[in-house]
Amino acid sequence: HGLVSSSKIINAAGKKLRFVIQEIPEDRYEEALDHLCDNYLRYEDMRMSLGERSKNDPASVAYNRISICVLDVTENNKVPVLAGLNILRVIDKDTSKIKRPITSDMVKTQKIINYVQNAAGEADPCERYGVDYFLTGTGLDINPHYSRLGLGTHLLLTRKKVGETYNISVTSTMFSSLLAQKTAAKAGFVDSLERGWDEATDDHGEPLFPGLKGLRWKQMDKQRY
Numbered sequence: 386h387g388l389v390s391s392s393k394i395i396n397a398a399g400k401k402l403r404f405v406i407q408e409i410p411e412d413r414y415e416e417a418l419d420h421l422c423d424n425y426l427r428y429e430d431m432r433m434s435l436g437e438r439s440k441n442d443p444a445s446v447a448y449n450r451i452s453i454c455v456l457d458v459t460e461n462n463k464v465p466v467l468a469g470l471n472i473l474r475v476i477d478k479d480t481s482k483i484k485r486p487i488t489s490d491m492v493k494t495q496k497i498i499n500y501v502q503n504a505a506g507e508a509d510p511c512e513r514y515g516v517d518y519f520l521t522g523t524g525l526d527i528n529p530h531y532s533r534l535g536l537g538t539h540l541l542l543t544r545k546k547v548g549e550t551y552n553i554s555v556t557s558t559m560f561s562s563l564l565a566q567k568t569a570a571k572a573g574f575v576d577s578l579e580r581g582w583d584e585a586t587d588d589h590g591e592p593l594f595p596g597l598k599g600l601r602w603k604q605m606d607k608q609r610y
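The sequence shown begins at 386 in our numbering and counts up one residue at a time.
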């Protein structure tokens with residue numbers, strides 16, 4: 386398949402590990418969702434969410450079947466270990482421009498989802514690059530057991546192959562923590578919009594993220610060419 390890529394990485398203990406990056410196999414959707422909830426949603430600054438329906442519909446974790454994972458295939462005779470994943474989806478220019486309300490009576494998860502989507506609309510990659518749609522990501526997560534191996538950068542670099550396979554020339558994503566922003570910069574992403582988390586408020590002016598004072602998010606883009 387055009388999306389499959391492989392790499393060899395030596396860990397801190399000097400062991401050679403082999404990894405494959407590919408679309409998430411259907412029989413591992415549920416595991417991928419569990420992985421995301423256990424790791425990414427626990428640690429991510431903003432605790433982004435896939436939405437309530439994901440709990441009842443593991444297939445929704447794969448959105449348009451473009452979501453990718455990195456598998457540890459070092460042990461040939463064993464089931465590959467899910468070492469990380471990136472949930473991807475395509476947004477068109479009309480959807481991107483919809484301004485979603487953030488009201489005080491919404492559940493927090495919905496407020497967060499709407500805020501992230503509004504941020505992408507404000508950055509407006511379709512207008513910036515003259516395209517009809519772009520690739521975005523929700524949840525770039527690496528299993529803690531595989532941290533410090535650069536797998537996050539590898540996953541972000543794989544978006545070029547995703548773009549080639551599905552004819553998508555631009556990717557744009559909100560990176561919510563400094564670590565994620567540094568990883569994205571390593572993979573060639575550039576800043577298009579930056580805001581402080583404490584600037585985010587609901588319709589009553591109440592802060593959405595009172596615990597993130599002083600921290601900033603960035604919308605970062607990369608063109609395929």
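Beta carbons are placed, not taken as given, at the ideal position from N, Cα and C, and that holds for glycine.
**Item:** Cβ separation of G524 and L421, assumed to be a contact under 8 Å, to the nearest whole Å
**Value:** Confirmed, about 5 Å.
**Item:** Boundaries of the beta strand (DSSP E) in which C511 is found, first to last residue
**Value:** First-last for C511: 510–514, but that is the alpha helix (DSSP H), not the beta strand (DSSP E).
**For Y518, three-class secondary structure by DSSP** = Reduced to three states, the DSSP call for Y518 is strand.
**Item:** Environment of R533 [buried if 16+ CB atoms lie within 10 Å]
**Value:** It is exposed - the Cβ of R533 has fewer than 16 other Cβ atoms within 10 Å.
**Request:** Classify H530 as buried or exposed, calling it buried when 16 or more other Cβ atoms lie within 10 Å of its own Cβ.
**Result:** H530 comes out exposed.
**Request:** Answer with buried or exposed for N396, where buried requires no fewer than 16 other C-beta atoms within 10 angstroms of its C-beta.
**Result:** The residue is exposed, with fewer than 16 neighbouring Cβ atoms inside 10 Å.
**Prompt:** Using DSSP with H/G/I as helix, E/B as strand and the rest coil, what is N499?
**Reply:** In this structure, N499 counts as helix in the three-state DSSP scheme.
**Prompt:** Across which residues does DSSP place G581 in a beta bridge pair?
**Reply:** Per DSSP, R601.
**Of the listed residues M491, M605, R601, D583, nearest to P595 (C-alpha basis)** = Answer by Cα proximity: D583.
**Item:** Assigned secondary structure, S561 (DSSP; H/G/I helix, E/B strand, else coil)
**Value:** Coil, per DSSP.
**Request:** Pair every Cβ in the segment 469–478 with every Cβ in the segment 501–521, then say whether three or more of these pairs are closer than 8 Å.
**Result:** Yes, since at least three Cβ pairs between the segment 469–478 and the segment 501–521 fall closer than 8 Å, the two stretches touch.
**Prompt:** Are at least three pairs of beta-carbons, each pair with one atom in the segment 561–580 and one in the segment 454–463, less than 8 Å apart?
**Reply:** They do not touch, by the three-pair rule.
**Prompt:** Is it true that the CB of G573 sits closer than 7 Å to the CB of K603?
**Reply:** No, these two residues do not count as a Cβ contact at 7 Å.
**Asked** Which value, in whole angstroms, describes the spacing of the CA atoms of R432 and V492?
**Response** Interpretation of R432 is limited by its pLDDT of 43, a score under 50 that renders its predicted location unreliable; no figure is taken from the coordinates.
**Message:** Suppose contacts are defined by Cβ-Cβ distances below 7 Å. Is T543 in contact with I409 by that definition?
**Reply:** Taking 7 Å as the cut-off, the Cβ atoms of T543 and I409 do not count as close.
**Straight-line Cα distance separating V555 from Y514** = Going from the Cα of Y514 to the Cα of V555 covers about 8 Å.
**Request:** Report the residue from R601, L600, L541 whose alpha carbon sits nearest the alpha carbon of R609.
**Result:** Closest by C-alpha distance to R609, out of R601, L600, L541, is L541.
**Asked** Cα-Cα, which of D412, K598, I451 is closest to K545?
**Response** Looking at the Cα atoms, I451 is the closest of the given residues.
**Asked** For D587, which residues of its own chain have a beta-carbon under 8 Å away from its beta-carbon, when the five flanking residues on both sides are left out?
**Response** These residues qualify, in order along the chain: I487, T488, S489, M491, K496, L593.
**Request:** Below 8 Å CB to CB, which residues in the same chain sit around G506 once its five sequence neighbours on both sides are set aside?
**Result:** S481, K482, I483, K484, listed in sequence order.
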